Structure formats: structure tokens, C-alpha cells
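This report refers to the structure that appears directly beneath it.
Residue numbers (this note's numbering): -12 to 161.
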């Protein structure tokens, strides 16, 4: 075994049939995330998973911003995205379109993301670094999912949590 070179990685990606496939039936709604670096990382994970759409809502910063690009590394150009001021109305619209709303939040009824009963299409809802997802969105959600925390801290960085949960949902789809 050996690591692939950059040339080998790029050659594999260029020849991959996945480049022509439709995007996965997963969208993400990001509510009031403050850090532009977190937003950039969310774009990067979204690109890796071939996310259908990324909704930036509330006061979440949107491209073009150098601070977002620093961690997005160009993913703002490859991920379909839009900015919507009202997160709740955006979630209601997605629900009307048939999306299952999964709020990533610690609630009285949340289940570990890997035990979630999911159906596609689905919408992951990620919240603010300090306050989490707003109560109106929690109430609107079809299910609350979380990441079991085994250490002393009770949560992960929002972009790290997003990557874990997103790829957990990708695994359920594939």
C-alpha cells in the first residue's frame, strides 16, 4: 500500500462516473452560524458529499468572502447554494416539497444520528455555534438527531458535527 499522488487522485476524479451523476437527495439548512471559517468548511463537506443544495439563513455569512474561501477551497463554486433570511419559512417550504427535516440538536427526543429513521429526500438543519438550532426549527423538525459525546465536552464544532452527520446520512443513502 502507498499514498496516491495528487496526479493519481485528480486522474481518478476526472474519470469517475460520479462526476456526471445527479446530486444526492440531501439538502442542508444552516441557521445563524457566525464563523466564516465554519461556513467554508460546511461548503467543503457539502461538495464532498454531492449535496443537492445548501441554504444559508439568518445572519450566516455568504460568499464571496475571503474568510469563507480559506476553508471552502473553491467549494462555493461547486455546491448549489442560496441565501434566505428566514430559516423557518425555508424549512416550511422544504417540508411542503417532501423533505424530511432532521435537526442536529440535543433535545429530549434526539437519537444518535446513526440510529435515525431517515427517508429521502432529507434536510439537515445545523444551528448557531453557541445557541444551536432555534426553538421554532426544533419544533418544525420531523426528528432530532445528535452525536453521542463520550468526553468532558458536550458538543463539537458545528462544521465538524456537520461532516460527521452528513456522511452518516450519505452512508444510509448509499
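Ideal Cβ positions, reconstructed from N, Cα and C, are used throughout, including at glycine. Just so you know, these numbers come straight off a predicted model, no measurement behind them.
Per DSSP, the continuous alpha helix (DSSP H) segment holding residue 31 begins and ends at 23 to 35. Bridge pairing for residue 42: 16, 69 [DSSP]. For residue 156, the uninterrupted alpha helix (DSSP H) segment begins and ends at 145 to 160. Residue 125 sits in a helix when the DSSP states are folded into three classes. Here residue 74 is near residue 44, since their CB atoms are less than 8 angstroms apart. Here DSSP, grouped into helix, strand and coil, assigns residue 1 to helix. Taken atom to atom, the span from the alpha-carbon of residue 22 to that of residue 38 is near 21 angstroms. Boundaries of the beta strand (DSSP E) harbouring residue 91: 87 to 91, taken from the DSSP string. A contact between stretches requires three or more CB pairs, one per stretch, nearer than 8 angstroms, and the region 115 to 130 fails this requirement with the region 28 to 36. Looking at the DSSP output, residue 130 sits in a beta bridge with 89. A residue is called buried when at least 16 other Cβ atoms come within 10 angstroms of its Cβ; residue 46 does not meet this threshold and is exposed. Per DSSP, the unbroken alpha helix (DSSP H) holding residue 81 starts and ends at 74 to 83.
The beta carbons of residue 87 and residue 105 sit closer together than 8 angstroms. In the DSSP assignment, residue 112 forms a beta bridge with 16, 90. Rounded to the nearest angstrom, the gap between the Cα atoms of residue 67 and residue 140 is 33 angstroms.
Secondary structure at residue 50: coil, using DSSP grouped into helix, strand and coil. When the alpha-carbon of residue 118 is set against those of -4, 143, 136, 103, the nearest one is in 143. Taking 8 angstroms as the cut-off, the beta carbon of residue 54 is found no closer than this to the beta carbon of residue 115.
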